[in-house]
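To start, the structure under review is shown below, and the notes come after it.
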DNA sequence: TATTGATCATAT
DNA sequence: ATATGATCAATA
């Protein structure tokens, strides 16, 4: 690998300790007024702070690295799952793990923890210690198994039986503006059907493990 | 309280 | 309509 990911990590670590308010001010970004209306704000702010091309058509935010903010509580535990990518339902059955978008996205990830919580107003939330993750053999085996399970059940026409409980580390959940949105898919006979869009997510328990491996607590 | 299913903003 | 950035809010 080039040293780009390392350089990026260094820059991300330089942001540790700053509040989102400070970061927004430094980049001339207005802070959203309603927290519920600002779901993607943190991610876009960090992209900007780290110089990712906002309109990158590439698979990942940076040539060799995907950027993900990670909301954590006061104890440093992830508060949410992590979105990976939409599922291409019509093609899922034909795309194996090795060629999947999930694997491409997760090849190398720069995680930036952000301390978040109901009691913490967005401008006062702080950036934590960023870390770089590349999946281990064991982690990839877990991801591959979950992907294979989900893909095979979809191929069997059982999409509607799949819920967020499936998968040990990788799950399939709705991903849409609302529950009435539909996308094209097809049933076992190849007949077109319209279904709620789904996406792959990493379970919070999984990213918690990544955090522990990367930033072990010290006494 | 942890997790699932639903939702919101922005851009192409 | 699709993709990326996610978090909200109802439920188990």
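Numbering (the working numbering), first residue to last: 55 to 273. Idealized CB from N, CA, C, for every residue including glycine. Everything numeric in this text was worked out from a predicted model, so none of it was measured.
- The beta strand (DSSP E) runs of length 3 or more contained entirely in the stretch 199 to 258 are, from start to end of the chain, 224 to 228, 237 to 240, 246 to 249, 252 to 256.
- Annotated three-state conformation of residue 58 is helix, per DSSP.
- Burial of residue 154 is indicated by the presence of at least 16 other C-beta atoms within 10 angstroms of its C-beta.
- Between the C-alpha atoms of residue 122 and residue 211 there is a straight-line separation of about 32 Å.
- For residue 188, there is no enclosing alpha helix (DSSP H), as DSSP gives it neither H nor E.
- The three-state reading of DSSP puts residue 155 in helix, counting H, G and I together.
- Within the same chain, 165, 185, 186, 187 come within 8 Å of residue 268 by CB-CB distance, once the 5 residues on both sides are set aside.
- The residue from 222, 219, 251 with its alpha-carbon nearest to that of residue 232 is 251.
- The C-beta distance from residue 146 to residue 249 rounds to 12 Å, too long to meet the 8 Å contact threshold.
- Where residue 137 is concerned, the enclosing beta strand (DSSP E) starts and stops at 136 to 140.
- By the CB criterion at 8 Å, residue 70 and residue 183 fall inside the cutoff.
- Straight-line spacing of the CA atoms in residue 125 and residue 168 works out to 5 Å.
- Each of 239, 241, 156, 224 was checked against the Cα of residue 135, and the nearest Cα belongs to 224.
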